[in-house]
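Take any residue in the sequence shown, note its place counting from 1, add 36, and you have its number in our numbering.
Have a look at the structure below before the remarks.
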Amino acid sequence: MSDLYPFTGHTFDRPGGRLHFLDEGQGDPVVMVHGNPTWSFYFRDLVRALRDKYRCIVPDHIGCGLSDKPGTDKYDYALKSRIDDLEALLDHLGIRERITLVVQDWGGMIGMAYAARHPDRVKRIVATNTGAFPLPKTKRFPWSLWLGRNTALGAWLILKRNAFCRAAANWCVTRKPLPADVRAMYLKPYDSPEHRIAVLKFVQTIPLRPSDPGYDIVTDTAAGLAKFANTPALLLWGMRDFVFDKHFLAEWQRYLPHAETYTWPDCGHYLLEDAGPEAIGKIVTFLKNHPIA
């Protein structure tokens, strides 16, 4: 597809469409779960760094990246469906043990909900600028997300003007702007309103209150984090993230007080873009220092 993304993709049929994923390398599985509005491209350099020793599994959620982008009449774009998709893919690949989870943004909620279903399968956790629990009480919901989640104007901007993807390409890096070719790769899958349904649905389905669809999954997943009290965990945080900021990091540390934590004061939501070599180096060292018995 590109020198920036030199991988052979695979597909897996799911109700509603084909799910695209990477399956690179051999060894214990490292499952990387992306968020919104990214895709497996976000983890490209981490895959290169790990595939000599590990089997890297990197799905594109339905509606994202190189996966199919069905209408809402064919796929419901619900949190439960995302978790079911991940579970079905890993079962299809025979991956049911010795898993290292690497999660970012929505990937934290999806990946850790899967982990809560199967705590015996997940042996290491790497979380970066993400959540797996309700919005922290100390955190105000950002106005830009409120606009996209709750208003017709926000929906129009996301679908028709690609505002969410374009804003993310600008706001989610703070140490240095994305190079033009990298920015283009982030935007490429979302090149028409019909291809931005998942981007909008991820925003519209953020569970904030008990009455919201998926909120029960969020609270159950948060309760399930206690199952990982003895699981090696690594927290990597860009502290200039305007959503998953210090409040989310503190919540992770409350749930997983044993986790190793590294922060970058000048980096944003796309930590692997802002501080890629540094963050990837921390992951490589973490995996080396915490071998799976």
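Backbone N, C-alpha and C fix where the C-beta goes; we use that ideal spot for every residue, glycine too.
If you're wondering where the values come from, they're calculated on a predicted model, not measured in any experiment.
Problem set entry | Alpha carbon of leucine 244 to alpha carbon of glutamate 287, nearest angstrom | 16 Å
Problem set entry | Segment limits, alpha helix (DSSP H) that includes glycine 190 | 188-196
Problem set entry | Endpoints, the beta strand (DSSP E) within which tyrosine 298 is located | 296-300
For this session: Please work out which residues of its chain come closer than 6 Å, Cβ to Cβ, to threonine 174, disregarding the five sequence neighbours upstream and downstream, and give them in chain order.
Result: His283
For this session: Grab me the residues of threonine 298's own chain with a C-beta within less than 6 Å of its C-beta, minus the 5 sequence neighbours each way, in chain order.
Result: Just to set this straight, residue 298 is tyrosine in the shown sequence, not threonine. Closer than 6 Å at the Cβ level, and outside the excluded window around tyrosine 298, lie Leu272 and Lys318.
For this session: Give the secondary structure of tryptophan 273 by DSSP, where H, G and I count as helix, E and B as strand, and everything else as coil.
Result: strand
Exercise. Is any heavy atom of the ligand SAM found at a distance shorter than 8 Å from the C-beta of leucine 270?
Worked result: Among the components of this structure there are no ligands whatsoever, and the ligand SAM is therefore not found.
For this session: Below 7 Å CB to CB, which residues in the same chain sit around leucine 195 once its five sequence neighbours on both sides are set aside?
Result: Pro229, Arg232 and Leu236
For this session: Can you give me the Cβ contacts of alanine 149 inside the same chain, cut-off strictly under 6 Å, excluding the 5 residues immediately before and after it?
Result: Ile119, Ile253 and Thr257
Exercise. DSSP three-state call for valine 209: helix, strand or coil?
Worked result: coil
Problem set entry | Exposure label - proline 225; buried when at least 16 CB within 10 Å | buried
Exercise. When the Cα atoms are used, what is the spatial distance from tryptophan 75 to alanine 329?
Worked result: 31 Å
For this session: Check whether the stretch 51-64 touches the stretch 100-108, taking contact to mean three or more Cβ pairs, one atom from each stretch, closer than 8 Å.
Result: yes
For this session: Would you list the residues sitting across from proline 268 in a DSSP beta bridge?
Result: According to DSSP, proline 268 bridges with nothing at all.
Problem set entry | Test item: CB-CB of alanine 269 and histidine 294 under 9 Å | Yes; because the gap between Cβ atoms is below 9 Å, this pair is in contact.
Exercise. Given leucine 189, which residues of its chain have a CB within under 8 Å of its CB, disregarding the five upstream and five downstream residues?
Worked result: Leu183
For this session: Look at leucine 115 and threonine 267 and say whether their C-beta atoms are less than 9 Å apart.
Result: no
Problem set entry | Secondary structure of glutamate 133, DSSP reduced to three states | coil
For this session: Classify serine 38 as helix, strand or coil using the three-state DSSP reduction.
Result: strand
For this session: Quick one: grab the DSSP three-state call for glycine 167.
Result: coil
Exercise. Counting pairs of beta carbons, one from the stretch 201-216 and one from the stretch 86-100, are three or more of them closer than 8 Å?
Worked result: no
For this session: Compute the distance between the beta-carbons of glutamine 140 and leucine 307, then report whether it is under 9 Å.
Result: yes
For this session: Alpha carbon to alpha carbon, how far is glutamate 133 from valine 83? Give it in angstroms, no decimals.
Result: 20 Å
Problem set entry | The beta strand (DSSP E) enclosing glutamate 60, as first and last residue numbers | 53-60
Problem set entry | Reference serine 247, options Pro170, Val162 and Leu261, closest by Cα | Pro170
For this session: Consult DSSP for cysteine 92 and reduce its assignment to one of helix, strand or coil.
Result: strand
Exercise. Which same chain residues, not among the five before or five after tryptophan 179, have their C-beta less than 7 Å away from its C-beta?
Worked result: Nothing meets the Cβ criterion.
Problem set entry | DSSP three-state assignment for histidine 46, whether helix, strand or coil | strand
For this session: Find the nearest neighbour of leucine 129 within the set His46, Tyr222, Leu285 and Pro249, judged by alpha-carbon distance.
Result: His46
For this session: State the Cα-Cα distance for the pair phenylalanine 200 and leucine 223, rounded to the nearest angstrom.
Result: 10 Å
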